[in-house]
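In my numbering, the protein residues as written are 197 to 756.
Every residue gets a Cβ at the ideal spot worked out from N, C-alpha and C, and that includes glycine.
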């Protein structure tokens, strides 16, 4: 029988630090040599995020059970497969001390311990892509038991093409992906390692084009892939080991308690499906990182995969900040709950810095939920002093859908980062109004105010050129130039900050730079004008509008 085991066979793409060359590695190889790899290097950044979360699920599972000396914590009893047999709730102080010590020892040694490899060895059959219970798949019998009779495998319905699973193409049977990176002959072909990466990615970024559903008593909509609903945030280190460690969240520092971690491969499949059909949300991070949106089954016909897909219902995403470290959050002010902030086509051009207050608490209001990934890093910095001052690279990656309720087809990928000194990011000055995050947020708001002034100028020009009907679309499109001109200088300004800086002086430096960018953007626009702009309307033309913009700019910057 054919076998391909994700633990021992190479399928993960990484970038080597010394040579900057790509390499295929197994899970074991990756954990054994994580410090030698710069980063994950798959087909797209969003795919790398999916694989990162899978790897984190393994790490969180193991190191929430055993310490850095490979010994189970004394409140846990493990079975022969290193899975939890029983546990008690330890005292908070004991829990925090034990888990922080584990994290610290791992980070000091700069490598993972034998416990990871013991766990993988003892559970190796769960990672076989062709096994009795194939990885991230169900068997033919299981699939048929979950779907209606007309959707059973023998009928050949409910399949998903490889070109749809491949999120670089995402071509369904109804619409052709014209600008795909593969020719039509090769769109439906994937090597085995590619298939594995894309299959896992598909579980996280699933749209709505596959119509087969798991049968239920009540009707339900197929869930989107969980990552499709997030605007993610994670921390990137100088190498893959650091990235894995910085995102290794062992508990919630704001309310420490022991929560057993259970990734999907440890669950009884029937029980897992029942839980999903009941729309019960995950209760631990490892489960969230490995959550399924589809039951997938692969039939192999003459060496080619035919993928059957049946949709599972979504679970409630509100107030899930304890089980999802890698998301920013928004508050429903009417109901009072928080939900994941989703990125869409309407805000695809918005850089990370413009959401700064959603990544880092600025103490300006009560509507802020700090992402658990950032809260955890702040906690570690306070507890482990030698982490000291270093540059932190906040990163976001993901896929944006086309917004269509019935298809949710991928329309664009986004990827951005923000480098900031750790002492600036986690500034703990006694004067709370003077902390750097609050000061940075002031400058973000100032940037936005200037952006609004430029938008207002463009609205006037749009009305002169196109009338009121076409002005708003013109202004929205053209105003992006201002932010494009702003993005690199402002992120460089943030990267330059240190905790010992004179805040007023650094802000003054940025205001001067902001004025230059705002005026240069205006001048570049004025270099290309039409006769209609000059003749204008009654009492208004482009030059009068430009003077109003300059006046507004001076007013904002002199008061800001």
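Residue 754 burial status per 10 Å Cβ neighbour count (16 or more: buried): exposed
Look up residue 389 in the DSSP assignment and say whether it is helix, strand or coil. helix
So within the stretch 647–726, which uninterrupted beta strand (DSSP E) runs reach at least 3 residues, ignoring any that extend past its ends? none
State the beta-bridge partners of residue 268 as determined by DSSP. 262
Residue 417: buried (16+ other C-beta within 10 angstroms of its C-beta) or exposed? exposed
Is the CB-CB distance between residue 493 and residue 349 below 8 Å? yes
If we count Cβ pairs, one from each stretch, closer than 8 Å, do we get three or more for the stretch 445–463 versus the stretch 255–274? yes
Coil, strand or helix - residue 279 by DSSP: coil
Roughly how far, in whole angstroms, is the beta-carbon of residue 211 from the beta-carbon of residue 233, given that I think they are within contact range, below 8 Å? 6 Å
Along the chain, where does the alpha helix (DSSP H) that runs through residue 748 open and close? 738–755
Strand pairing of residue 504, partner residues [DSSP]: 355, 493
Thinking just about the alpha-carbon of each residue, which of 590, 628, 250, 280 is nearest to the one in residue 486? 250
So, at 6 Å on beta carbons, what are the nonlocal neighbours of residue 433 in its own chain, with the 5 sequence-adjacent residues on each side left out? 439, 442
Around the C-beta of residue 717, are 16 or more other C-beta atoms found within 10 angstroms, so that it is buried, or is it exposed? buried
Cβ-heavy atom distance between residue 708 and the ligand NAP below 7 Å? As far as ligands go, the structure on display features none, and thus does not contain the ligand NAP.
Thinking C-beta only, is residue 678 closer than 8 Å to residue 670? no
Span of the alpha helix (DSSP H) around residue 209: No alpha helix (DSSP H) holds residue 209; the beta strand (DSSP E) holding it covers 208–212.
Give me, in chain order, the residues of the same chain whose beta-carbon lies closer than 7 Å to that of residue 372; leave out the 5 immediate sequence neighbours on both sides. Low per-residue confidence applies at residue 372: pLDDT is 46, beneath 50, and the placement is therefore not dependable enough to give any value.
Let me confirm a value: residue 587 is counted as buried when at least 16 other C-beta atoms fall within 10 Å, else exposed. Which label applies? exposed
Please report how far the alpha carbon of residue 582 lies from the alpha carbon of residue 428, in whole angstroms. 28 Å
With 16 as the cutoff for other CB atoms within 10 Å, does residue 240 come out buried or exposed? buried
Based on DSSP bridge pairs, tell me the residues matched to residue 431. 590
Compare the Cα-Cα distances from residue 305 to each of 229, 279, 357 and report the closest residue. 229
Name the residue from 339, 444, 268 whose alpha carbon lies nearest to the alpha carbon of residue 303. 444
Segment contact, 8 Å Cβ cut-off, at least three pairs: the stretch 357–364 with the stretch 393–412: yes
Grouping DSSP H, G and I as helix and E and B as strand, with all else coil, what is residue 757? This structure cannot settle anything about residue 757, because the visible part of the chain is limited to 197 through 756.
Best match in 511, 203, 589, 410 for proximity to residue 505 [C-alpha to C-alpha]: 410
With the cut-off set at 8 Å, would you say residue 209 and residue 276 are in Cβ contact? no
With DSSP as the reference, label residue 343 as helix, strand or coil. coil
In chain order, what residues of the same chain have a beta carbon less than 6 Å from the beta carbon of residue 205, not counting five sequence neighbours either side? 222
Could you give the DSSP three-state label for residue 632: helix, strand or coil? helix
Stretch-stretch touch, CB-based, cutoff 8 Å, three pairs: the stretch 548–558 with the stretch 624–636: yes
By how many angstroms is the C-alpha of residue 426 removed from the C-alpha of residue 578? 28 Å
Are residue 437 and residue 248 close, meaning C-beta to C-beta below 8 Å? no
Can you grab the Cα-Cα spacing for the pair residue 461 / residue 483, in whole Å? 9 Å
Using C-beta distances below 7 Å, list every residue in its chain close to residue 585, excluding the 5 sequence neighbours before and after it, in chain order. 617, 618, 619
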